[in-house]
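Counted the way the working numbering counts, the sequence shown spans residues 616 to 929.
Ideal placement from N, C-alpha and C gives every residue a C-beta, glycine not left out.
Input: a single structure, listed below in structure tokens.
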Amino acid sequence: MNATALRYFLEVARTGSIADASARLHVASSAISRQIAHLEADLGVELFERRPRGMVPSYAGDLLARHAQRVFLEEEAIVTELKRLRGLASGRVRVAATEGFGMSLIPAAIRSFRDRHPGIRIELRIVAPAAVTRMVREGEVDIGATFSFAPEPGVRAMGEGRAPVLAVMAKDHPLAGRPVLSLAQLARESIALPEKDTTVRQLFDIACGLAGVVIEPVLVSNYIAGLWAFAAEGGGITIASPFTVHASTVGHPVASVPIDSPTLDQRYYQIQTMLGRHLPEAVYAFATHLTGIIKRMDRGAEPPLSSAGQEELS
616 MNATALRYFL EVARTGSIAD ASARLHVASS AISRQIAHLE ADLGVELFER
666 RPRGMVPSYA GDLLARHAQR VFLEEEAIVT ELKRLRGLAS GRVRVAATEG
716 FGMSLIPAAI RSFRDRHPGI RIELRIVAPA AVTRMVREGE VDIGATFSFA
766 PEPGVRAMGE GRAPVLAVMA KDHPLAGRPV LSLAQLARES IALPEKDTTV
816 RQLFDIACGL AGVVIEPVLV SNYIAGLWAF AAEGGGITIA SPFTVHASTV
866 GHPVASVPID SPTLDQRYYQ IQTMLGRHLP EAVYAFATHL TGIIKRMDRG
916 AEPPLSSAGQ EELS
């Protein structure tokens with residue numbers, strides 16, 4: 616198959632339209648249409664369903680898109696390996712993460728990783744949990760850091776572990792010293808929650824429903840740092856994962872308290888890569904580095920913020 620035709624096809628599959636693919640590739644729409652027509656003629660199948668609002672890959676198109684994505688990712692990995700053999704300490708790592716990971720943990724991991732590998736360029740995108748997995752599966756990014764309730768198809772979990780939901784509040788909050796809090800106790804407080812597209816909110820709502828507890832949040836936001844600041848300023852209580860609960864990483868002194876609900880312990884963090892993909896050296900090294908940091912945090916250690924911590928985890 617013609618590599619140019621495959622690239623054009625893959626961009627149309629990603630964007631859903633020849634016009635959008637043309638704009639992203641800086642190639643005439645007619646040239647893209649012609650290449651896709653040749654590809655369909657050569658293969659003897661229709662790769663797209665032509666609809667009034669765009670083009671959707673057919674079943675055959677989905678199969679070819681997955682194949683093409685792997686081909687181009689393998690090509691990138693080979694080029695990276697060849698550069699390494701020439702002694703070039705360079706490379707690119709594309710990461711997608713939820714905001715909870717992106718607030719502090721991943722930036723700290725990037726800093727400590729680049730202390731030893733300054734030639735590696737890292738791109739970080741913050742998106743919703745489901746989007747992280749989709750981007751990894753489709754090859755838009757190399758590594759995903761997200762939360763999930765179950766194994767995800769099409770991705771490999773290089774690192775995985777439980778990510779319970781904690782109550783977060785100002786250190787001088789009356790409940791800050793409690794060893795554990797019930798959902799009924801939280802229902803009597805001012806609660807700030809993330810939006811419903813986050814796994815932490817979905818799990819919290821399920822737990823409340825199972826316990827028969829009704830909680831009406833006083834604040835709902837898609838900005839976790841804002842919820843965190845609201846709690847730190849004494850406005851109320853919010854919820855977060857252990858990866859977010861490190862006062863020194865976000866600039867707000869807070870306390871975290873476990874919530875007495877087995878449901879809130881049913882979430883997992885995952886460091887994801889594409890299933891079956893041979894990872895470029897830089898990607899594998901950063902994924903391993905990030906996973907090591909999280910495992911260390913699971914054992915109760917602080918995140919790698921100090922220079923001493925960075926040296927130990929590099």
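CB-CB under 6 Å to Ser836, same chain, minus the five flanking residues each way: which ones, in chain order? The sequence position of residue 836 within the sequence shown is 221, counting from 1. Only Leu842 meet the Cβ criterion.
Starting from Val742, trace the alpha helix (DSSP H) both ways and give me its first and last residue. As a working note, residue 742 is residue 127 in the sequence shown. Looking at the DSSP string, Val742 is not in any alpha helix (DSSP H), and its letter there is neither H nor E.
Start and end residues, beta strand (DSSP E) containing Gln887: In the sequence shown, the residue the question calls residue 887 occupies position 272. That run of the beta strand (DSSP E) goes Tyr883 to Met889.
Just verifying my parser: in three-state terms, what is the DSSP assignment at Ala785? Here residue 785 refers to the residue found at position 170 of the sequence shown. Note: Ala785 maps to strand in three-state DSSP.
Can you check the segment 750-813 for any alpha helix (DSSP H) of at least 4 residues that lies completely inside it and give the ranges in chain order? 798-802
For the candidate residues Val686, Gly759 and Arg726, whose alpha-carbon lies nearest to that of Val742? Taking the sequence shown and counting its residues from 1, the one referred to as residue 742 is at position 127. Minimum Cα distance to Val742 is reached at Gly759.
Rounded straight-line distance, which links the Cα of Val872 to that of Met773: Mapped onto the sequence shown, residue 773 falls at position 158. Mapped onto the sequence shown, residue 872 falls at position 257. Computed Cα separation, rounded: 29 Å.
With 16 other CB atoms within 10 Å as the buried threshold, where does Arg576 fall? Residue 576 cannot be examined here, being either before or after the span of the chain that is shown, 616 to 929.
Restricting to Cα atoms, I'd like to know which of Glu714, Ala807 and Glu661 is closest to Phe762. Here residue 762 refers to the residue found at position 147 when the sequence shown is read from its first residue. Closest option to Phe762, Cα to Cα, is Glu714.
At least 3 beta-carbon pairs within less than 8 Å: the segment 889-905 vs the segment 813-820: no
Nearest-angstrom beta carbon gap, Gly851 and Val833 [assumed within contact, 8 Å]: The count along the sequence shown starts at 1 and reaches residue 833 at position 218. The count along the sequence shown starts at 1 and reaches residue 851 at position 236. With a Cβ gap of about 6 Å, Val833 and Gly851 count as contacting.
Below 8 Å between beta carbons: does that hold for Ile854 and Leu781? Locating residue 854 in the sequence shown gives position 239, counting from the first residue. Locating residue 781 in the sequence shown gives position 166, counting from the first residue. Yes.
Is the segment 744-760 touching the segment 879-890, taking contact as three or more C-beta pairs under 8 Å? By the Cβ criterion, the segment 744-760 is in contact with the segment 879-890, since at least three pairs of Cβ atoms, one from each stretch, lie closer than 8 Å.
Residues bridged to Leu834 (per DSSP): One-based indexing of the sequence shown puts residue 834 at position 219. Beta-bridge pairing links Leu834 to Ala807.
By the three-class DSSP mapping on this structure, what secondary structure does Arg666 have? Here residue 666 corresponds to residue number 51 of the sequence shown, with the count starting at 1. DSSP, reduced to helix, strand and coil, places Arg666 within a strand of the structure shown.
Excluding five sequence neighbours on each side, which residues of the same chain lie with their C-beta closer than 8 Å to the C-beta of Ala620? For the purposes of this step, residue 620 is identified with residue 5 of the sequence shown, where counting begins at 1. Excluding sequence neighbours, Ala620 sits near Gln650, Ile651, His653 and Leu654.
Supposed contact pair Val710 and Ile721 - C-beta distance, whole angstroms, cut 8 Å: The residue labelled residue 721 in the question sits at position 106 within the sequence shown. The residue labelled residue 710 in the question sits at position 95 within the sequence shown. The Cβ separation is near 7 Å, so the contact holds.
Within a Cβ cutoff of 6 Å, which residues of the same chain sit near Ala683, ignoring the five residues on either side of it in sequence? Residue mapping note: residue 683 aligns to position 68 of the sequence shown, counting from 1. Contacts found: Leu621 and Leu625.
List the DSSP bridge partners of Ser871. Locating residue 871 in the sequence shown gives position 256, counting from the first residue. Ser871 is bridged to Val783.
Quick one: give me the first and last residue of the beta strand (DSSP E) that Arg707 is part of. Translated into positions along the sequence shown, residue 707 becomes position 92. Element bounds for Arg707: Gly706 to Ala712.
Can you have a look at Arg882 and say buried or exposed, based on whether 16 or more other CB atoms are within 10 angstroms of its CB? The residue given as residue 882 occupies position 267 in the sequence shown. So Arg882 ends up on the buried side.
My understanding is that Ala778 touches Pro857, with C-beta atoms under 8 Å, so please give their C-beta distance in whole angstroms. Within the sequence shown, the letter at position 163 stands for residue 778. Within the sequence shown, the letter at position 242 stands for residue 857. That belief holds up - the Cβ atoms of Ala778 and Pro857 are roughly 7 Å apart, short of 8 Å.
From what residue to what residue does the beta strand (DSSP E) around Ile854 run? Indexing the sequence shown from 1 puts residue 854 at position 239. Run containing Ile854: Thr853 to Ala855, per the beta strand (DSSP E) assignment.
Residue span of the alpha helix (DSSP H) that contains Thr630, given as start and end: The count along the sequence shown starts at 1 and reaches residue 630 at position 15. Where Thr630 is concerned, the enclosing alpha helix (DSSP H) stretches over Ala618 to Thr630.
For chain D, find out if any of its Cβ atoms is closer than 8 Å to the Cβ of Ser673; answer yes or no. Structure shown: chain D not included; a single protein chain is present.
Under the rule that 16 or more other beta-carbon atoms within 10 Å means buried, what is Ala634, buried or exposed? Taking the first residue of the sequence shown as 1, we reach residue 634 at position 19. Classification of Ala634: exposed, given that the 10 Å Cβ count is below 16.
Cβ separation of Thr814 and Phe764, assumed to be a contact under 8 Å, to the nearest whole Å: Indexing the sequence shown from 1 puts residue 814 at position 199. Indexing the sequence shown from 1 puts residue 764 at position 149. Confirmed, about 7 Å.
So the candidates are Arg740, Leu688, Arg707 and Ala844; which of them puts its Cα closest to the Cα of Pro868? For the purposes of this step, residue 868 is taken as residue 253 along the sequence shown, with counting starting at 1. Checking every option, the nearest Cα to that of Pro868 belongs to Ala844.
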